[in-house]
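Be aware that the sequence shown starts at 1, since it is given in full-length UniProt numbering, and climbs by one per residue.
Positions of the beta carbon are idealized from the N, C-alpha and C atoms, including for glycine.
Everything below concerns the one structure shown next.
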Amino acid sequence: MTAAGRPLLEVTGLTKTFGGIRAVDRFSFGVREGSVTGIIGPNGAGKTTVFNLVTGIYRPTEGTILFEGEEMGGLRPDAIVRKGIARTFQNIRLFNRRTCLENVLTPLLQREPCSFLGALLGTPGTRRMERELHDRAMGLLASLGLERYADWQANTLPYGLQRKLEIARALATEPKLLLLDEPAAGMNPEETRSLAVLVSEVREKFSVTILLIEHHMDLVMNICSPIVVMNFGALLAAGTPDEVRANPDVVAAYLGKGKKSHDRTAG
Numbered sequence: 001m002t003a004a005g006r007p008l009l010e011v012t013g014l015t016k017t018f019g020g021i022r023a024v025d026r027f028s029f030g031v032r033e034g035s036v037t038g039i040i041g042p043n044g045a046g047k048t049t050v051f052n053l054v055t056g057i058y059r060p061t062e063g064t065i066l067f068e069g070e071e072m073g074g075l076r077p078d079a080i081v082r083k084g085i086a087r088t089f090q091n092i093r094l095f096n097r098r099t100c101l102e103n104v105l106t107p108l109l110q111r112e113p114c115s116f117l118g119a120l121l122g123t124p125g126t127r128r129m130e131r132e133l134h135d136r137a138m139g140l141l142a143s144l145g146l147e148r149y150a151d152w153q154a155n156t157l158p159y160g161l162q163r164k165l166e167i168a169r170a171l172a173t174e175p176k177l178l179l180l181d182e183p184a185a186g187m188n189p190e191e192t193r194s195l196a197v198l199v200s201e202v203r204e205k206f207s208v209t210i211l212l213i214e215h216h217m218d219l220v221m222n223i224c225s226p227i228v229v230m231n232f233g234a235l236l237a238a239g240t241p242d243e244v245r246a247n248p249d250v251v252a253a254y255l256g257k258g259k260k261s262h263d264r265t266a267g
């Protein structure tokens, strides 16, 4: 639990430079526990770079990243996962030649202490743990409507189901904060509508806070509040969907009437 009034995730003055390019520029925002918070912005605004900073893929040049009041900047990605932050990626990253069940079992196994000797000898305790993890993995697949595909090789699933599998695998780490990087990318309208329902269900069923990047404005406006808007690596606006939709600076940025574009890293 976070201290009263303090966001679950609190980013202050976050800056990331690549050479002379400021991909993220003194960016600040907070994520309230239990919320579905959206980050939007034109291509190249710095959104994915923020995710990479929060999850330890990049180290901040300046600024702080507090999760439950603890500094995350500079920690390794695996340490950040253990703290309770998980993510998905723009480009789906699954173990393509493994089954759906194996994709979800892998992070579960990584979280459980197991002696080498016990695993080698197949002791009763080890076998019991394996059964429990198998049941937990099947439960996660069932929660996302994937139980019938448990034995399918991951790369044989339709694209929309691969997205669901990636979310199931992230949930296997038992996160408090789940970062979704463009989860509707490549989806058709029906899949996008289904995803909106799924995100709300995941938040409720797993008591997880969600932070997402998305370009599908209908999806963001329907499921996210607050919404944070980035432009040129900096905070442009933040507020409710109605406030963001009516903000003239946001309208200008999306219509290309804001600051002149210059080279930035993607995201």
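Proximal residues to residue i (C-beta, below 7 Å), its chain only, five neighbours per side dropped
i: Val197; result: none
i: Tyr254; result: Pro42
i: Ala170; result: Ala86, Arg87, Thr88, Leu178
i: Asn222; result: Ala196
Own chain partners of residue i with C-beta closer than 8 Å, once the 5 adjacent residues on each side are dropped
i: Asn96; result: Gln153, Ala154, Asn155
i: His134; result: Leu101, Leu105
Residue i - DSSP class collapsed to helix/strand/coil
i: Asn96; result: coil
i: Ala238; result: strand
i: Gly44; result: coil
i: Met72; result: coil
i: Ile57; result: coil
i: Asn188; result: coil
i: Arg6; result: coil
i: Thr106; result: helix
i: Ala23; result: strand
i: Asn91; result: coil
i: Gly13; result: strand
i: Lys259; result: The predicted model places Lys259 with a pLDDT of 46, which falls under 50 and marks its position as unreliable, so this point remains unresolved.
Same chain only: Cβ atoms within 6 Å of residue i, ignoring 5 sequence neighbours per side
i: Ala45; result: Met230, Asn231
i: Leu66; result: Glu10
i: Gly160; result: Met187, Glu191
Assumed close pair residue i, residue j - CB separation to whole angstroms, cut-off 8 Å
i: Leu177; j: Leu144; result: Not a contact, Cβ separation roughly 18 Å.
i: Thr192; j: Ala184; result: 5 Å
Residue environment, residue i, which counts as buried when at least 16 other CB atoms sit within 10 Å
i: Ser115; result: Its pLDDT being 40, under 50, Ser115 is placed unreliably in this model, and the coordinates cannot settle the point.
i: Lys205; result: exposed
i: Asn188; result: exposed
i: Ile21; result: exposed
i: Val251; result: exposed
i: Thr49; result: buried
i: Gly13; result: exposed
i: Asn91; result: exposed
Using 8 Å as the cut-off, can you tell me whether the stretch 205 to 225 makes contact with the stretch 29 to 43, which would need three or more C-beta pairs spanning the two stretches below that distance? Yes, since at least three Cβ pairs between the stretch 205 to 225 and the stretch 29 to 43 fall closer than 8 Å, the two stretches touch.
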